[in-house]
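Undergrad: This is the structure, below, for whatever I ask next.
There are 2 protein chains.
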Amino acid sequence: MLNIKWDEKGLVPAIMQDSVTGDVLMLGYMNKESLEQTVESGHAWFWSRSRQELWHKGATSGNYLEVKEVRYDCDVDAILVIARPMGPTCHTGEQSCFYRRLTPADLKD
Amino acid sequence: MLNIKWDEKGLVPAIMQDSVTGDVLMLGYMNKESLEQTVESGHAWFWSRSRQELWHKGATSGNYLEVKEVRYDCDVDAILVIARPMGPTCHTGEQSCFYRRLTPADLKD
Numbered sequence: 264m265l266n267i268k269w270d271e272k273g274l275v276p277a278i279m280q281d282s283v284t285g286d287v288l289m290l291g292y293m294n295k296e297s298l299e300q301t302v303e304s305g306h307a308w309f310w311s312r313s314r315q316e317l318w319h320k321g322a323t324s325g326n327y328l329e330v331k332e333v334r335y336d337c338d339v340d341a342i343l344v345i346a347r348p349m350g351p352t353c354h355t356g357e358q359s360c361f362y363r364r365l366t367p368a369d370l371k372d
Numbered sequence: 264m265l266n267i268k269w270d271e272k273g274l275v276p277a278i279m280q281d282s283v284t285g286d287v288l289m290l291g292y293m294n295k296e297s298l299e300q301t302v303e304s305g306h307a308w309f310w311s312r313s314r315q316e317l318w319h320k321g322a323t324s325g326n327y328l329e330v331k332e333v334r335y336d337c338d339v340d341a342i343l344v345i346a347r348p349m350g351p352t353c354h355t356g357e358q359s360c361f362y363r364r365l366t367p368a369d370l371k372d
């Protein structure tokens, strides 16, 4: 069994990347159960830190992430899921959660 | 000033993506100072959780990440850096830290 380095809350960060466009769509967190569900079901599942529950992404909106490939990093403490989104990934309606650019002015007091 | 949601350790996860190939290269963690250094210097800087110090990626290897764009997500708790790597990003010599594929067998006891 792969020895994933879960953090102190039993979670690992999981990057979602669009299998067609290559865009980074979102960063979520998975616990053991959601990672297993992701691999078994072919849909991305997360642990919702705000709601403290398993989260089947798209269950409400229909915007599932269809998993094409799951990868893990050299330290086994981060996951990369390459997936096809069935609609906008972001709850704002944007395709990607990373729709805003940070400028130097954003870091000024 | 952008109200970044730092975690309880004062860190935010930062995804590095190759500006040319679109590959996801690594996931690192930034504190306020390393994010400022990243934006000001044009090189990716991190907080090394293992060494507990500021980490100028590439300072030892020469494999700097030249920053093209910094983005942040809808919840302002994750960063995406689009960058050109000056060499392999992973300490193993691989281009990306995500060089291994997870299979269902990896999750079996």
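Chains A and B supply the protein sequences, listed in that same order.
Here our numbering runs 263 ahead of the position in the first sequence, where the first position is 1.
Here our numbering runs 263 ahead of the position in the second sequence, where the first position is 1.
Ideal Cβ placement from N, Cα and C applies to all residues, glycine included.
No experiment lies behind these values; they were computed from the predicted model shown.
1. Could you check which residue in Lys371(B), Pro367(B) and Asp338(B) has the C-alpha nearest to that of Thr355(A)?
2. Report the neighbours of Ala341(B) on chain A: residues whose CB is nearer than 7 Å to its CB, in chain order.
3. Closer than 8 Å by beta-carbon distance: list the chain B residues that pair up with Pro367(A), in chain order.
4. To the nearest angstrom, report how far apart Ala326(A) and Asp336(B) are at their CA atoms.
5. Is Pro348(A) helix, strand or coil by DSSP?
6. Would you report the Cα separation of Lys268(B) and Val275(B), rounded to the nearest angstrom?
7. Compare the beta carbon distance of Met349(B) and Glu329(B) with 8 Å and say whether it is the shorter of the two.
8. Would you report the Cα separation of Lys272(A) and Val283(B), rounded to the nearest angstrom?
9. Should the segment 302-317 of chain B be regarded as contacting the segment 357-371 of chain A, the criterion being three or more beta carbon pairs within less than 8 Å?
TA: So, to answer that:
1. Along the first sequence, read from residue 1 onward, the residue named residue 355(A) stands at position 92. When the alpha-carbon of Thr355(A) is set against those of Lys371(B), Pro367(B) and Asp338(B), the nearest one is in Asp338(B).
2. Counting from one through the second sequence, the residue named residue 341(B) turns up at place 78. Neighbours of Ala341(B) on chain A, chain order: Leu290.
3. Sequence index remark: in the first sequence, residue 367(A) carries index 104 (1-based). Val302 and Glu303, listed in chain order.
4. The sequence position of residue 326(A) within the first sequence is 63, counting from 1. The sequence position of residue 336(B) within the second sequence is 73, counting from 1. In the sequence under discussion, the amino acid at residue 326(A) is Asn, which differs from the Ala named in the question. Distance between the alpha carbons of Asn326(A) and Asp336(B): 18 Å.
5. Counting from one through the first sequence, the residue named residue 348(A) turns up at place 85. Three-state result, Pro348(A): strand.
6. Along the second sequence, one-based indexing puts residue 268(B) at 5. Along the second sequence, one-based indexing puts residue 275(B) at 12. One C-alpha to the other measures close to 7 Å.
7. Within the second sequence, residue 349(B) is the residue found at index 86, counting from 1. Within the second sequence, residue 329(B) is the residue found at index 66, counting from 1. Yes, they are a contact pair.
8. Within the first sequence, residue 272(A) is the residue found at index 9, counting from 1. Within the second sequence, residue 283(B) is the residue found at index 20, counting from 1. The straight-line gap from Cα to Cα measures roughly 35 Å.
9. Touching, yes.
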